[in-house]
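All letters in the sequence shown, in the order written, are residues 133 to 539 by this note's numbering. Cβ atoms here follow ideal geometry from the backbone N, Cα and C, with glycine treated the same way.
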Amino acid sequence: MTAQDGHDQAPGGARADARPMRLTVLGATGSIGTSTLDLVARDPERFEVVAVTANARAEDLARLAIRVRARHAVVADPAAHGALKAALAGSGITTAAGARAICEAAALPADMVVAAIVGAAGLGPTLAAVGQGTTIALANKECLVCAGDLFMRAAREASATILPVDSEHNAVFQVLERDNVEQVEKLILTASGGPFRTFALEEMRGVTPDQALRHPNWSMGARISIDSATMMNKGFEIIEARHLFPLRADQIDVLVHPQSVVHGMVQYRDGSLLAQMGAPDMRTPIAHCLAWPGRMGTPAQRLDLAALGTLTFEAPDPVRFPALRLAREALAAGTAATAALNAVDEVMVKAFLARRAGFLDIVTTAEQVLERMAGTTGFGEMTCIDDVFAVDETARRLAGEIAGNGS
Ligand code: NAD
Ligand code: MG
Numbered sequence: 133m134t135a136q137d138g139h140d141q142a143p144g145g146a147r148a149d150a151r152p153m154r155l156t157v158l159g160a161t162g163s164i165g166t167s168t169l170d171l172v173a174r175d176p177e178r179f180e181v182v183a184v185t186a187n188a189r190a191e192d193l194a195r196l197a198i199r200v201r202a203r204h205a206v207v208a209d210p211a212a213h214g215a216l217k218a219a220l221a222g223s224g225i226t227t228a229a230g231a232r233a234i235c236e237a238a239a240l241p242a243d244m245v246v247a248a249i250v251g252a253a254g255l256g257p258t259l260a261a262v263g264q265g266t267t268i269a270l271a272n273k274e275c276l277v278c279a280g281d282l283f284m285r286a287a288r289e290a291s292a293t294i295l296p297v298d299s300e301h302n303a304v305f306q307v308l309e310r311d312n313v314e315q316v317e318k319l320i321l322t323a324s325g326g327p328f329r330t331f332a333l334e335e336m337r338g339v340t341p342d343q344a345l346r347h348p349n350w351s352m353g354a355r356i357s358i359d360s361a362t363m364m365n366k367g368f369e370i371i372e373a374r375h376l377f378p379l380r381a382d383q384i385d386v387l388v389h390p391q392s393v394v395h396g397m398v399q400y401r402d403g404s405l406l407a408q409m410g411a412p413d414m415r416t417p418i419a420h421c422l423a424w425p426g427r428m429g430t431p432a433q434r435l436d437l438a439a440l441g442t443l444t445f446e447a448p449d450p451v452r453f454p455a456l457r458l459a460r461e462a463l464a465a466g467t468a469a470t471a472a473l474n475a476v477d478e479v480m481v482k483a484f485l486a487r488r489a490g491f492l493d494i495v496t497t498a499e500q501v502l503e504r505m506a507g508t509t510g511f512g513e514m515t516c517i518d519d520v521f522a523v524d525e526t527a528r529r530l531a532g533e534i535a536g537n538g539s
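So this is what it looks like as structure tokens:
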């Protein structure tokens, strides 16, 4: 279950036993990973970095590992191990490589594991971290999109605490009164609307990867930037919220808010609408997780509401952004459908970035794959993680066939 109680921190964020927090960062070279390590480097006494991991960028990982005095550094790509060893020679930092080594690093005893690998590739390592029954700062929303019920069950069984890093979910987590959950009418996840918020559907047809990567407010990895442009990211976030919070899908709303200042809201039965606000800087939600249930300082820009003057809100357009409907339909069909949706999206985002598919093909292909899978095998129950990997594989294959891009 999401964080409830039983954490060994004193009020104010000082750890009760005053020892540094043992921290592992999976996906350390990414946007979330580097933001996390930036906070760690600013407050080195507070943290003891157990392990940092990356896919293949060995030099970047080595530089980060040295900066935060990590004990262990791991790359997923075995071909990058030589470069990692060379860059860390004489540092005393141990190294390893391969997908299994990433899972082993995730299982090393730590007080918190930041799960910031992108995509379904993060599921195995994050589950390995869950298995040690520790606190997970979860950025890798794909864990919940691909394996929602199974992932949350594994967390419950291991007594792992899941803290949401995703800014909207972190916002909701901050304003959700856990003793009054039955008094909640709905959650509202805000969405910037991405770079094509005001584009006509026909204009979106020809957009380039460069245009789609240019997010108006946030600086993020490529996958989530494209997902923000299609609004598939917000669809995934509806699925993520459904698993993190004890509410029905119809209690989770999306509201377009181009300034990205209000990140999430909770509406209660008495008419109160509680919102969390902040500059669009992921260091704020990351710090909230790192220090929870206390708080810690960050250099994030403070909001100057007088200078901002106006905040605007609008309903999302279901015609130009069909990903939202598709994600809701997949959520209703079950975890096999949401896992398939993630897999097609991974394939199609990659194809779009490589200019092998058009922007609108991403969601169109996802819809076709889901229809085909529902029509042939149907979306059965997922009973174990291998079921997730099987669905993931089928969806990737169908996406390649339908889009004809050989992905
Ligand atoms: P990114 O692309 O910048 O970084 C991804 C990280 O994962 C890198 O360190 C990379 O080396 C590692 N990685 C990639 N493939 C791997 C593999 N096969 N095995 C092991 N490691 C691998 O991505 P990001 O923007 O930091 O996003 C990370 C996660 O956080 C995603 O799930 C994303 O949806 C979520 N998230 C990101 C933001 C944001 O602002 N960037 C906000 C909310 C949620
Ligand atoms: Mg988000």
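On a CA-only basis, which of the options is nearest residue i? Give me that one, please.
i	options	result
A221	V393, A531, L405, E191	E191
S291	A208, G263, A218	G263
F491	L387, Q306, D342	D342
R178	I494, T442, E478, A423	A423
A237	A269, A219, R203	R203
C421	A242, H347, F305	F305
M428	T168, L485, A160	T168
A303	I320, T470, A522	I320
L255	D243, I234, L216	I234
D382	R337, E317, N365, T416	E317
E180	L155, G224, P257, A465	L155
Tell me whether residue i counts as near the ligand NAD, meaning its Cβ is closer than 7 Å to at least one heavy atom of that ligand.
i	result
D298	yes
A423	no
E525	no
E513	no
G251	yes
R355	yes
R427	no
G159	yes
I418	no
G507	no
A208	yes
M363	no
S392	no
G403	no
I164	yes
K217	no
M480	no
Is it right to say residue i is buried, meaning 16 or more other beta carbons lie within 10 angstroms of its own, or is it exposed?
i	result
R355	buried
C278	buried
R528	buried
N312	exposed
R487	exposed
L458	buried
F328	buried
A531	buried
P626	Outside the modelled stretch of the chain, which goes from 133 to 539, sits residue 626, for which no answer is possible.
Q433	exposed
G536	exposed
P176	exposed
F445	exposed
T322	buried
R195	exposed
Across which residues does DSSP place residue i in a beta bridge pair?
i	result
K318	Q399
L406	V398
D385	I320
L158	A247
T268	Contrary to the premise, residue 268 reads as Ile rather than Thr in this sequence. I268 pairs with V245, I294.
T227	A205
V523	None, per the DSSP bridge assignment.
E446	V388
V184	V157, A205
F179	M153
Can you find a heavy atom of the ligand MG that lies under 7 Å from the Cβ of residue i?
i	result
E503	no
E369	yes
Hey, is residue i close to the ligand SAH, as in C-beta under 7 Å from one of its heavy atoms?
i	result
E177	The ligand SAH is absent from the structure shown, which contains only the ligand NAD and the ligand MG.
Three Cβ pairs or more, each shorter than 8 Å: is that satisfied between the region 371-382 and the region 291-308? Yes: the two stretches touch, three or more of their Cβ pairs being nearer than 8 Å.
Are at least three pairs of beta-carbons, each pair with one atom in the region 160-177 and one in the region 254-262, less than 8 Å apart? No, they do not touch.
If we count Cβ pairs, one from each stretch, closer than 8 Å, do we get three or more for the region 183-190 versus the region 201-211? The region 183-190 is in contact with the region 201-211.
Do the region 304-321 and the region 510-517 touch if we need at least three Cβ pairs shorter than 8 Å? In this structure the region 304-321 does not touch the region 510-517; the number of beta carbon pairs closer than 8 Å is below three.
Report yes or no: do three or more beta-carbon pairs, one from the region 445-463 and one from the region 264-271, lie closer than 8 Å? Not touching, per the Cβ criterion.
Count the CB pairs spanning the region 461-471 and the region 516-525 that are closer than 8 Å, and state whether there are at least three. Yes: at least three Cβ pairs fall under 8 Å.
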